[in-house]
């Protein structure tokens with residue numbers, strides 16, 4: 001950042017750089033996977049987040065949405081009339097997997113050559129720390145219009161219970177826009193892929209493997225359905241085709257269960273297929289599920305088996321126009337802090353922003369510290385400089401959005 005740029009910032013220069021990095025380390029050192037057998041949950045992270053917030057004089061609301069899984073939400077009032085902006089992050093992380101694949105302690109929060117390592121460092125404890133300290137910087141900068149909601153929610157890596165619970169609260173109806181602080185490198189992601197999770201159950205008739213004529217084997221029928229999914233995927237990739245930021249639609253078989261390795265001489269009576277469908281705008285989710293049901297029914301008739309297709313989860317594409325005030329605010333702040341032109345992109349998966357959009361109609365963009373593709377990998381990391389930089393962008397973006405200064409002079413002192 002140049003000295004000239006620094007001088008134009010209204011709140012970013014008040015970000016406590018050491019504190020935001022230290023908080024990221026503290027958060028990473030808490031293994032907040034949802035794992036009952038290892039007595040792990042988001043609870044300790046939520047307690048730390050709430051403690052930091054109270055240290056600022058905030059009054060966070062801590063609400064348990066499931067046992068050991070509390071949302072932490074604070075509202076910081078600027079003292080002047082204005083809109084409400086939400087910063088959102090999640091407190092859970094995925095498992096660290098095999099420690100043999102890590103070259104560092106996955107929960108050590110070590111800093112090596114400018115990189116902060118650990119499970120959840122990028123996805124997304126750096127984002128949580130950055131949004132908290134950014135909001136504090138805005139508060140320290142003096143009175144501002146409107147309010148900032150700072151929400152650290154649970155279960156994003158699962159069924160997004162935290163976001164789903166938040167959307168049922170009266171506060172959700174008052175949020176005008178949100179910045180979801182997931183790692184997206186330097187991209188501002190105003191669109192995210194949709195997701196449809198299908199659980200397919202194929203029921204046949206159990207029989208001896210030596211006498212298949214007396215049974216109805218569901219496995220060949222499921223195999224044929226997998227082939228049909230491939231053909232349907234090709235159709236969807238042709239029409240509506242490839243999205244500028246999201247790429248192609250994929251229908252991916254992810255789970256297949258049937259029979260037992262202890263009884264290789266038994267034709268199973270049932271087979272299970274899981275399908276993870278990732279869609280782009282223009283794909284009708286209801287029509288997608290109905291097409292899979294139709295294909296399954298035709299295949300089942302040929303094999304004399306029955307299929308049941310259940311939609312386990314349905315998350316639409318989240319689409320916020322790139323000229324929406326929240327997108328313009330982040331773009332202006334990115335430009336002011338980094339001196340570089342912003343780049344728009346898309347989220348290849350779903351985030352809590354998908355639920356905020358689906359259930360509460362909250363426009364949102366995803367923008368945060370960390371490489372875009374590092375999530376869930378061994379030796380996950382985030383650049384220390386990136387944590388600080390994104391915290392400053394968040395602070396500036398908040399003021400730009402709340403003051404309505406999304407024009408050419410956005411990011412400059414009034």
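In my numbering, the protein residues as written are 1 to 414.
We put the beta carbon where it would ideally sit given N, CA and C, even for glycine.
Let me check understanding here. Comparing Cα to Cα, which of the options lies closest to residue i?
{"i": "residue 354", "options": "242, 404, 180 and 140", "result": "180"}
{"i": "residue 223", "options": "201, 244, 210 and 207", "result": "201"}
{"i": "residue 381", "options": "346, 102, 205 and 138", "result": "102"}
{"i": "residue 318", "options": "68, 272, 174 and 366", "result": "366"}
{"i": "residue 49", "options": "255, 274, 66 and 25", "result": "25"}
{"i": "residue 196", "options": "256, 285 and 150", "result": "285"}
{"i": "residue 59", "options": "74, 68 and 66", "result": "74"}
{"i": "residue 415", "options": "188, 11 and 192", "result": "The structure shown has nothing for residue 415, since the chain only spans 1 to 414."}
{"i": "residue 371", "options": "151, 364 and 383", "result": "383"}
{"i": "residue 377", "options": "39, 289, 118 and 288", "result": "118"}
{"i": "residue 328", "options": "287, 405 and 277", "result": "405"}
{"i": "residue 54", "options": "133, 109 and 22", "result": "133"}
{"i": "residue 274", "options": "164, 368, 251 and 379", "result": "251"}
{"i": "residue 67", "options": "386, 41, 122 and 57", "result": "41"}
Just grab the DSSP bridge partners of residue i for me.
{"i": "residue 250", "result": "278"}
{"i": "residue 178", "result": "86 and 364"}
{"i": "residue 77", "result": "147"}
{"i": "residue 231", "result": "According to DSSP, which records beta bridges pairwise, residue 231 is partnered with nothing at all."}
{"i": "residue 35", "result": "40"}
{"i": "residue 417", "result": "Residue coverage of the chain in this structure runs from 1 to 414, which leaves residue 417 outside it and unanswerable."}
{"i": "residue 111", "result": "116"}
{"i": "residue 23", "result": "DSSP output for residue 23 lists no bridge partner at all."}
{"i": "residue 256", "result": "273"}
{"i": "residue 70", "result": "64"}
{"i": "residue 153", "result": "90"}
{"i": "residue 198", "result": "275 and 311"}
Determine whether the beta carbon atoms of residue i and residue j lie at a separation below 8 angstroms.
{"i": "residue 395", "j": "residue 76", "result": "no"}
{"i": "residue 270", "j": "residue 204", "result": "yes"}
{"i": "residue 311", "j": "residue 198", "result": "yes"}
{"i": "residue 92", "j": "residue 47", "result": "no"}
{"i": "residue 51", "j": "residue 388", "result": "no"}
{"i": "residue 90", "j": "residue 194", "result": "no"}
{"i": "residue 340", "j": "residue 9", "result": "no"}
{"i": "residue 138", "j": "residue 398", "result": "yes"}
{"i": "residue 65", "j": "residue 188", "result": "no"}
{"i": "residue 146", "j": "residue 230", "result": "no"}
{"i": "residue 415", "j": "residue 175", "result": "Outside the displayed span of the chain (1 to 414) sits residue 415, for which this structure offers no information."}
{"i": "residue 218", "j": "residue 170", "result": "no"}
{"i": "residue 364", "j": "residue 306", "result": "no"}
{"i": "residue 126", "j": "residue 369", "result": "yes"}
Use the C-beta contact count for residue i: other C-beta atoms within 10 angstroms, 16 or more gives buried, fewer gives exposed.
{"i": "residue 357", "result": "buried"}
{"i": "residue 154", "result": "buried"}
{"i": "residue 360", "result": "buried"}
{"i": "residue 32", "result": "buried"}
{"i": "residue 265", "result": "exposed"}
{"i": "residue 96", "result": "buried"}
{"i": "residue 86", "result": "buried"}
{"i": "residue 411", "result": "Unreliable positioning characterises residue 411 in this predicted model, as indicated by a pLDDT of 43, which lies under 50. The coordinate reading is nonetheless provided below. With 16 or more Cβ atoms within 10 Å of its Cβ, residue 411 is classed as buried."}
{"i": "residue 88", "result": "buried"}
{"i": "residue 4", "result": "Any reading at residue 4 needs caution, since the residue's pLDDT is 34, under 50, leaving its predicted position unreliable; the model's value is listed next. With fewer than 16 Cβ atoms within 10 Å of its Cβ, residue 4 is classed as exposed."}
{"i": "residue 260", "result": "exposed"}
{"i": "residue 373", "result": "exposed"}
{"i": "residue 282", "result": "exposed"}
{"i": "residue 403", "result": "buried"}
{"i": "residue 190", "result": "buried"}
{"i": "residue 214", "result": "exposed"}
{"i": "residue 167", "result": "buried"}
{"i": "residue 333", "result": "buried"}
{"i": "residue 11", "result": "buried"}
{"i": "residue 116", "result": "buried"}
Under DSSP, the alpha helix (DSSP H) around residue i begins and ends at which residues?
{"i": "residue 211", "result": "Element bounds for residue 211: n/a, residue is neither H nor E."}
{"i": "residue 12", "result": "Note, residue 12: premise wrong, no alpha helix (DSSP H); not H, not E."}
{"i": "residue 47", "result": "43 to 55"}
{"i": "residue 286", "result": "285 to 303"}
{"i": "residue 345", "result": "From DSSP, residue 345 is part of no alpha helix (DSSP H) but of the beta strand (DSSP E) over 343 to 347."}
{"i": "residue 138", "result": "126 to 140"}
{"i": "residue 337", "result": "325 to 338"}
{"i": "residue 161", "result": "161 to 166"}
Between which two residues does the beta strand (DSSP E) harbouring residue i extend?
{"i": "residue 402", "result": "Looking at the DSSP string, residue 402 is not in any beta strand (DSSP E); the run it does join, the alpha helix (DSSP H), is 384 to 403."}
{"i": "residue 188", "result": "187 to 192"}
{"i": "residue 306", "result": "306 to 315"}
{"i": "residue 115", "result": "115 to 117"}
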